[in-house]
Amino acid sequence: MIFSDAVRLTSIALWISTDALRFPWMGTELLALAGLGSLAALVAHNRQRYQPLLTFLKPVNDSKAQLKELVEEMQVGLLLLDPSANIVLSNQAAAHLLQLTPAQLEGKVPFHHHLQIATELGTPLPFSGHPIQQVINTCQPLYDQIFKVKAVARGDWRWLSITVIPQLSPEGALQRVMCTFHDVTLFKQAEESLKTSHQRFAWYVQQSPLAVIEWDLHFRVKEWNPAAETLFGYTREEIIGRCATDLIMPPAAVPQLAQIWGRLADSPSADGQNAQHAIENTTKSGQLLMCEWHHTLMVDDTNQAVGVISLVQDITERQEIEKRLIHNAYHDPLTGLPNRALFMKHLERAIAVNRRSTSGTCAVFFIDVDRFKFINDSLGHSIGDSLLVELAHRLKTCLRSSDLIARLGGDEFAVLMPNLPGLSRAAQVAERMQKVLSQPFFLLGHDVFTSVSIGIASPELDGDRAEVLLRNADAAMYSAKESGGASYFIFTPELHARALTRLELETDLRRAVERQEFLLHYQPIVSLRSKIIVGFEALIRWQHPKRGFVSPGDFIPMAEETGLIAPIGLWVMQEACRQVRQWQQRFPTKSPFFISVNLSAVQFLQPKLIDEIQTVLAESNLSPNNLKLEITESVIMSSTDYATKVLDRLKQIGVKFAIDDFGTGYSSLSYLHRFPVDTLKIDRSFISQLDTDVEKVELVRTILSLAWNLGMDVVAEGVETQKHLAQLRLLKCDYGQGYLFAKPLANEQITSLLSQYGPMVS
Ligand code: C2E
Ligand code: MG
Ligand code: MG
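Take the sequence shown: its letter number 222 is residue 206 in the numbering used here, and every next letter is one higher.
This is the structure:
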């Protein structure tokens, strides 16, 4: 505006001054008449540009020459024409702006042959339509109209802002026409590019996958893009001009929104112009959507708020996913129970409440499924998983609604019982749990028996920090496990000390593997008929640097739990095979000694077992027939398919099998024929009572006949006395092993025993 006003005023000033040029007598009077204070202001605004005019306006010297000089120096194009459109005066700027030579600016206005003219938007105008002609025809002034003008010879279009003013005689006859013009091409180009960028912006808004809404400050919609149509179901036509908040916002959100906008408008600074929040919106069909809104305040040139642009994104799904993620972070996917993290949060809260309470207590249960690994490995993971789910169900039935049960991981569960009148109540719950678990689970066609070991801790007894409490319950659970499982223990400080010892032992055991603190003892297995040694059982010993010999009963279960049984078991196999091969070579007998090696359930289920055995046999050069693997009944009974496969494969290689501690496990005699077992080792508990218990004698007799029927031989374990021996010989038992013949001995002792070759017992 300022720019075009300036140009208009300049035109008037020039009109006056050019008249002054031609009619010097009018000069100063007219200038005074014009009284153009605003012109002075304009000139002051661009002092350098209008310096000549300024000088002229003084006006000290209005000489013709000076005026001419001034007109020449003007950067505004000037044409003065007579009523027939003949140019009577032009300046350099006119020639320059019209891209014509001064010569071309003589005579008629050269629109017909040197210049082409078009409207601002580029529509060509006929010769008669050019602005000067129009003014001559109408005698109406034309101010600041933009035309596109092109010099035919030069060829580039320019936008010129043209002012044409007619001068009329008092009678109204046209006397002169003055035309001034200046170049607005740069301005127009800037405007065009602004327009294109607006168009581009509008296009982006149309394409945007985000809903874009433009509002006035009264929540009336001014723009509503297709994404907004899709999101909310209202078409642009339906919503433009309407107060959309009534349609898509819950009533409570409107004041909230007004507050947010108010804050934006109060601080239209760069930081304050954006706001973001989430609202539950309603679509046209009534569906509820959780949407994230980003509002940006729109301001005018004077920084006054004029509206708001909002970008809206449907985050319903994202929120669902977030909710699910949070749920997953705190729940066990298998059972749907809270996990350790959530349990610990609840526990911390319960402890805090308990601290403030004067009566009652809370208890933490640590529950571990007995022999779970075994069930999992042998019956398969899907049965293992189903067992955990069913077990969690049953445990829940023993609890109140205020109690919390969580799965800590694997086969470990935890229970939090707040507000207990006393710990005896916790003990009752533990007993009830054992009872509900005593019934078999029927899972995928299998009857599965299981029990749990439970440890109970309470802040009353020791420790009122969540981790300490859970650790104490864990220690108590271990004691329950050590006592044979299917029981519960309440934590005491003594239990804690025991748990620590256990932990120490576990650390030591890891180190023992690295430091090779193990050695093997060998217990002879003797033919009861000839009393000569037929083989040996390899029994591991741990020579602990501080504790001395640690019995396998104390560390084998720990090695199984920690997985250390794998390297330990392999070492036993290598060492035993190497040793017995050495004895075979040094003491050749008619039938070479065999070596019995104990194989734990965990080892039996290792896929690399067969390969390892083959390698050991090859390295030791021992015949596979002389290696007997001792496994317990439970190993093969509970994983029948897999066990059969492994046994068959090893059988093909030539390796033999013995069922160890026979009579203490499942005792499913009818199953035995399914497996390629060579030997039954009758458990010591039967043998030790042979001389006192007639029933045991009968039992052993039955076992013997069964084994022979199945083509197996029998070893009696724990033969300690001559009476045992006599009874076994009467029963015609094949082989015996026990302190009567020899205790497990170090290899040197066996070597010297074998050196005095002969019957073991006279
Ligand atoms: P087991 O395989 O039944 O081994 C026989 C156990 O009975 C040995 O106990 C042996 O010392 C003991 N014994 C032998 N004769 C008599 C006797 O006349 N009277 C009495 N009271 N005991 C007798 P040990 O060496 O303490 O081994 C205990 C168990 O540890 C073994 O029972 C076996 O299950 C396991 N074990 C030993 N060495 C290994 C091994 O290298 N690997 C695996 N996986 N387990 C092993
Ligand atoms: Mg054994
Ligand atoms: Mg045994």
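The C-beta atom is built at its ideal place from N, Cα and C for all residues, glycine as well. Values in this document were obtained by computation on a predicted structure and should not be read as measured data.
Taking DSSP as the reference, what is the three-state secondary structure of Thr286?
-> coil
Opposite Pro508 in the DSSP bridges: which residues?
-> Phe520
If you compare alpha carbons, which of His315, Gly217, Thr319 and Thr280 is closest to Leu272?
-> Gly217
In this structure, does DSSP put Val189 in helix, strand or coil?
-> Of the three classes helix, strand and coil, the one that applies to Val189 here is helix, per DSSP.
Exposed or buried, Asn610, counting other C-beta atoms within 10 Å across all chains shown (16 or more means buried)?
-> buried
Going by C-alpha distance, which of Trp692, Trp277, Leu241 and Glu704 is nearest Ser669?
-> Glu704
Straight-line Cα distance separating Gln500 from Phe397 | Near 36 angstroms, if we compare the C-alpha coordinates of Gln500 and Phe397.
Take every Cβ of the stretch 520 to 538, pair it with every Cβ of the stretch 500 to 510, and state whether three or more of those distances are shorter than 8 angstroms.
-> Yes: at least three Cβ pairs fall under 8 angstroms.
Give every residue of the same chain whose Cβ lies closer than 8 angstroms to the Cβ of Thr546, excluding the five residues on either side of it in the sequence, and list them in chain order.
-> Residues Glu490, Leu493 and Arg494 of the same chain have their beta carbon placed closer than 8 angstroms to that of Thr546, with the five preceding and five following residues left out of the count.
Among residues of its own chain, excluding the 5 on either side of Gly469, which ones have a beta-carbon nearer than 7 angstroms to its beta-carbon?
-> Asp354, Ser435 and Ser437
Counting Cβ pairs, one atom from each stretch, are 3 or more of them under 8 angstroms apart for the stretch 296 to 304 and the stretch 365 to 372?
-> no
With respect to 7 angstroms, is the separation between the Cβ of Asp644 and the closest non-hydrogen atom of ligand 2 below this value?
-> yes
Cβ shell of Ser471 (< 6 angstroms), same chain only, five flanking positions each side left out = Ala464
Can you tell me whether DSSP reads Tyr719 as helix, strand or coil?
-> strand
Thinking C-alpha only, which one of Val619, His166 and Val661 is nearest Phe588?
-> Val619
Give the straight-line distance between the Cα atoms of Arg158 and Ala137, rounded to the nearest whole angstrom.
-> A quick correction: the sequence has Leu, not Arg, at residue 158. Looking at the two C-alpha atoms, the distance is approximately 32 angstroms.
Can you list, in chain order, the residues of its chain whose CB lies under 8 angstroms from that of Ala69, leaving out five sequence neighbours each side?
-> Lys92, Val93, Ile116, Gln117, Ile120 and Val161
Take the Cβ of Asp66 as the centre, count every other Cβ of all protein chains shown within 10 Å, and call the residue buried at 16 or more, exposed below.
-> exposed
His97 to Phe185 span [Cα, whole Å] | 42 angstroms
Cβ-heavy atom distance, Glu704 to ligand 3, below 7 angstroms | Distances taken from the Cβ of Glu704 to the heavy atoms of ligand 3 include none shorter than 7 angstroms.
Where does Asn75 sit, in a helix, a strand or coil, going by DSSP?
-> coil
Which one of Phe356, Leu392, Asn582 and His708 has the shortest CA to CA distance from Ala560?
-> Ranking Phe356, Leu392, Asn582 and His708 by Cα distance to Ala560 puts Asn582 first.
Any heavy atom of ligand 2 closer than 7 angstroms to the Cβ of Glu617?
-> no
Stretch-stretch touch, CB-based, cutoff 8 angstroms, three pairs: the stretch 528 to 537 with the stretch 549 to 560 = no
Looking at Val619 and ligand 5, is the gap between the Cβ and the nearest heavy atom below 7 angstroms?
-> Absence of ligand 5 from the depicted structure is noted, with ligand 1, ligand 2 and ligand 3 being the only ligands included.
Arg449 by DSSP, collapsed to three states: which one?
-> coil
Quick one, which of Ala730, Val420 and Phe425 has its alpha-carbon nearest His505's?
-> Proximity to His505 across Ala730, Val420 and Phe425 peaks at Ala730, based on C-alpha coordinates.
Is it buried or exposed for Phe426, if we count other Cβ within 10 angstroms and need 16 for buried?
-> By the 16-neighbour rule on beta-carbons within 10 angstroms, Phe426 is exposed.
Proximity test, Glu415 beta-carbon vs ligand 2 heavy atom, cut-off 7 angstroms = No, Cβ of Glu415 sits at least 7 angstroms from all heavy atoms of ligand 2.
Rounded distance between the beta-carbons of Gly61 and His166, thought under 8 angstroms | Right, their Cβ atoms sit about 7 angstroms apart.
Can you give, in chain order, each stretch of the beta strand (DSSP E) that sits fully within the stretch 533 to 616 and has at least 3 residues?
-> Counting only runs of 3 or more, we get 578 to 582 and 611 to 616.
Give me the Cα-Cα distance between His365 and Asn323, rounded to the nearest whole angstrom.
-> 20 angstroms
Who are the Cβ neighbours of Ala627 in its own chain at under 6 angstroms, not counting the five residues just before and after it?
-> Ile620
Enclosing alpha helix (DSSP H) for Gly246 [first to last residue] | Ala237 to Asp250
Contact the stretch 192 to 210 vs the stretch 218 to 226: 3+ CB pairs below 8 angstroms | yes
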